[in-house]
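*Asks:* Heads up: the sequence shown at position 6 corresponds to 24 in this note's numbering, and the numbers run straight through without jumps.
All C-beta atoms in this analysis are idealised placements derived from N, C-alpha and C, irrespective of residue type, glycine included.
One structure follows; several queries about it will come next.
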Amino acid sequence: MFQTETLLLVVLGFSLATLIALFAGRLMWSMAVRIGSRRMQRQIPSTAGELHTERDRLRAEYALLSQKLGSRLESSRMKMAEQMAEVTRTRNRIETLVAEINEKDAAHAAREHEIMGLHARILENESAAAEAQLAIAGLHLDLDGKSNEISELHHIIAEKDAHITTLAPPADVILAKLEPEGETEEPADQVASAPADPIVQQHLAETAHETDDLQNELNRLDATWTKKLGRIRDKNRKPGGTILQKDVAR
Numbered sequence: 019m020f021q022t023e024t025l026l027l028v029v030l031g032f033s034l035a036t037l038i039a040l041f042a043g044r045l046m047w048s049m050a051v052r053i054g055s056r057r058m059q060r061q062i063p064s065t066a067g068e069l070h071t072e073r074d075r076l077r078a079e080y081a082l083l084s085q086k087l088g089s090r091l092e093s094s095r096m097k098m099a100e101q102m103a104e105v106t107r108t109r110n111r112i113e114t115l116v117a118e119i120n121e122k123d124a125a126h127a128a129r130e131h132e133i134m135g136l137h138a139r140i141l142e143n144e145s146a147a148a149e150a151q152l153a154i155a156g157l158h159l160d161l162d163g164k165s166n167e168i169s170e171l172h173h174i175i176a177e178k179d180a181h182i183t184t185l186a187p188p189a190d191v192i193l194a195k196l197e198p199e200g201e202t203e204e205p206a207d208q209v210a211s212a213p214a215d216p217i218v219q220q221h222l223a224e225t226a227h228e229t230d231d232l233q234n235e236l237n238r239l240d241a242t243w244t245k246k247l248g249r250i251r252d253k254n255r256k257p258g259g260t261i262l263q264k265d266v267a268r
C-alpha cells in the first residue's frame with residue numbers, strides 16, 4: 019500500500035517536472051527567435067538607401083583590401099627580385115672561386131710535378147757526384163801508389179848507381195891499362211859513369227807513363243765535375259731554382 023503510493027507520487031513529480039520543462043523550453047525558444055529576428059533586422063537593411071550605403075561600404079572595404087594586397091604583392095615581388103639577384107651574384111662568386119681553385123690546383127699539380135723532376139735530377143746529380151768523388155778518390159789512391167812506386171824506383175836507381183860507382187875502378191887505372199894497348203882515350207866522365215839497369219829504366223818509364231795517364235784522367239774528372247757544377251748553378255737560376263738550392267743545401 020505504502021509502496022504503491024510512493025511510486026505514484028514519484029511518477030506524478032516526474033510528470034510535473036517534464037511539463038514545467040516543456041513550458042520553459044517553449045518560452046526560451048520563442049525568446050531566442052525574437053532576439054534572432056531583431057538582430058537580423060538590424061544587420062539587413064530594410065530600405066533602398068540603406069542597401070546602397072551598405073553596397074558602397076562593401077566596395078570601399080574591397081578596394082582597400084585589394085590595394086593592401088597589391089602593395090604586399092609588389093613588395094613581395096621586389097623582395098623576390100632582390101633575392102634572385104643576390105642568388106645570381108652568389109652563384110657567380112661561387113663559380114669564380116671554383117675556377118680559381120681549379121687553376122690553383124692545376125698550378126699546384128704542375129709545381130709538384132716540377133718538384134718531383136727536380137728531386138729526381140738532384141738524386142741523379144748526387145749519385146753522379148758520389149761516383150765522381152769515388153773515382154777521384156780511387157785515382158788519388160792510384161796516384162799516391164804510383165808516386166810511392168816512383169819514389170821507391172828512384173831510391174833503387176840511386177842505390178844501384180851508388181853500387182856501380184863503388185864497384186867501378188878509378189879512371190886513372192883504366193887509362194893506364196888502355197895506354198899500353200894503344201886504345202883510344204875516353205873521357206873520364208864516361209868511364210866513371212856506368213849505364214843504369216835497362217829493366218829499371220823501362221819500369222820507371224812505364225810507371226811515369228801510367229802516372230801521366232792517371233793525372234790526365236784526374237784532370238778530366240775534375241773538368242767534368244766542374245762542368246756539372248756549372249750546369250747545376252745554371253739550373254738554379256731558372257724558375258724553381260730556390261727549391262733546388264734548398265735541396266742541394268740539405
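Contact defined as beta carbons within less than 8 Å: I believe Glu167 pairs with Thr225. What is the distance between those atoms, to the nearest angstrom?
*Replies:* About 5 Å separates the two Cβ atoms, so the contact holds.
*Asks:* Taking the straight line between their C-alpha atoms, what separation do you get for Lys246 and Thr184?
*Replies:* If I take the Cα positions, the gap works out to 57 Å.
*Asks:* Would you mind sorting Leu232 into buried or exposed? The rule is 16 or more other CB atoms within 10 Å of its CB.
*Replies:* Flag for Leu232 reads buried.
*Asks:* Do the CB positions of Leu222 and Leu161 come within less than 8 Å of each other?
*Replies:* Contact: no.
*Asks:* Can you grab the Cα-Cα spacing for the pair Gly135 / Lys97, in whole Å?
*Replies:* About 56 Å.
*Asks:* Please return the same chain residues whose Cβ sits closer than 8 Å to the Cβ of Trp243, not counting the five positions on each side in sequence.
*Replies:* Cβ neighbours of Trp243 beyond the five flanking positions: Ala147, Ala150 and Ile154.
*Asks:* By Cβ distance below 7 Å, which residues in the same chain neighbour Leu45 in space, the five residues on each side in sequence not counted?
*Replies:* The answer is none, since no qualifying residue turns up.
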